[in-house]
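Q:
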């Protein structure tokens with residue numbers, strides 16, 4: 194099994210997320226990460242779907258996705274040819290005696306402290322999945338109270354956008 198990142202340009206209409214996710218579920222794919230948001234073109238949204246699959250099975254799902262009415266374009270983003278990032282918010286136990294150590298660890302990872310209370314520090318970090326896992330390993334000894342993690346977002350390198358390619362057929 195190999196990790197694949199798909200960027201899917203869709204019409205921004207009710208139900209499209211359900212149809213796309215349902216297609217993956219019917220084909221017995223576990224979606225590792227799914228993010229959806231508006232694109233730079235009004236009326237279009239961008240989905241980033243991360244799945245583990247073998248090439249042939251993924252090709253079949255991609256062909257079926259292309260048949261969905263609201264799907265405009267699908268591109269597989271190769272890690273070396275794209276920028277891919279995750280985002281986390283993590284609340285870490287921290288009192289007066291440990292706060293400096295937590296902040297020092299956060300600074301090493303170029304993360305940000307976004308909230309401080311008497312017994313916790315909330316940290317925001319953006320980066321590769323590996324970087325965020327490493328940050329969590331460093332923060333774990335302090336005690337992680339809460340963790341929220343986005344899915345992967347990704348964009349191809351270079352000047353052309355996915356919507357440029359999709360809308361200039």
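Residue numbers (the numbering used here): 194 to 362.
Positions of the beta carbon are idealized from the N, C-alpha and C atoms, including for glycine.
Taking DSSP as the reference, what is the three-state secondary structure of residue 330?
A: Helix, per DSSP.
Q: The beta strand (DSSP E) spanning residue 146 covers which residue range?
A: Here the chain covers residues 194 to 362 and nothing more, so residue 146 does not appear.
Q: Name the two residues that bound the continuous beta strand (DSSP E) containing residue 289.
A: That residue, residue 289, is in no beta strand (DSSP E); it is neither H nor E in DSSP.
Q: Rounded to the nearest angstrom, how far is the Cβ of residue 229 from that of residue 275, given a contact under 8 Å?
A: Not a contact, Cβ separation roughly 18 Å.
Q: With DSSP run on the structure shown, which of helix, strand or coil describes residue 358?
A: In the structure shown, residue 358 sits in a helix (DSSP, three-state: H, G or I).
Q: Helix, strand or coil, according to DSSP, for residue 304 in the structure here?
A: Reduced to three states, the DSSP call for residue 304 is coil.
Q: For residue 308, is the classification buried or exposed, using 16 other Cβ atoms within 10 angstroms of its Cβ as the cut-off for buried?
A: Classification for residue 308: exposed.
Q: Sorted by chain position, which residues of the same chain lie with C-beta nearer than 8 Å to residue 302's C-beta, five sequence neighbours on each side aside?
A: Closer than 8 Å at the Cβ level, and outside the excluded window around residue 302, lie 318, 320, 324, 327, 328, 331.
Q: What is the residue span of the beta strand (DSSP E) that residue 264 lies within?
A: Note, residue 264: beta strand (DSSP E), 264-270.
Q: Using the Cα positions of residue 286 and residue 304, report the straight-line distance between them to the nearest angstrom.
A: For residue 286 and residue 304, the distance between alpha carbons rounds to 17 Å.
Q: Taking the continuous beta strand (DSSP E) assigned at residue 274, which residues delimit it?
A: No beta strand (DSSP E) holds residue 274; DSSP gives it neither H nor E.
Q: Helix, strand or coil: which one does DSSP assign to residue 252?
A: Residue state, collapsed to three classes: helix.
Q: Could you work out which residue in 313, 256, 293 is closest to residue 284 when comparing CA atoms only?
A: It is 313 whose Cα lies nearest to the Cα of residue 284.
Q: Using three-state DSSP, classify residue 315 as helix, strand or coil.
A: In this structure, residue 315 counts as strand in the three-state DSSP scheme.
Q: Could you tell me the distance, in whole angstroms, from the CA atom of residue 207 to the CA atom of residue 240?
A: Cα to Cα, residue 207 sits roughly 14 Å from residue 240.
Q: Tell me where the beta strand (DSSP E) around residue 246 begins and ends.
A: Its beta strand (DSSP E) spans residues 237-246.
Q: Is it buried or exposed, residue 355, if we count other Cβ atoms within 10 angstroms and call 16 or more buried?
A: Result: buried.
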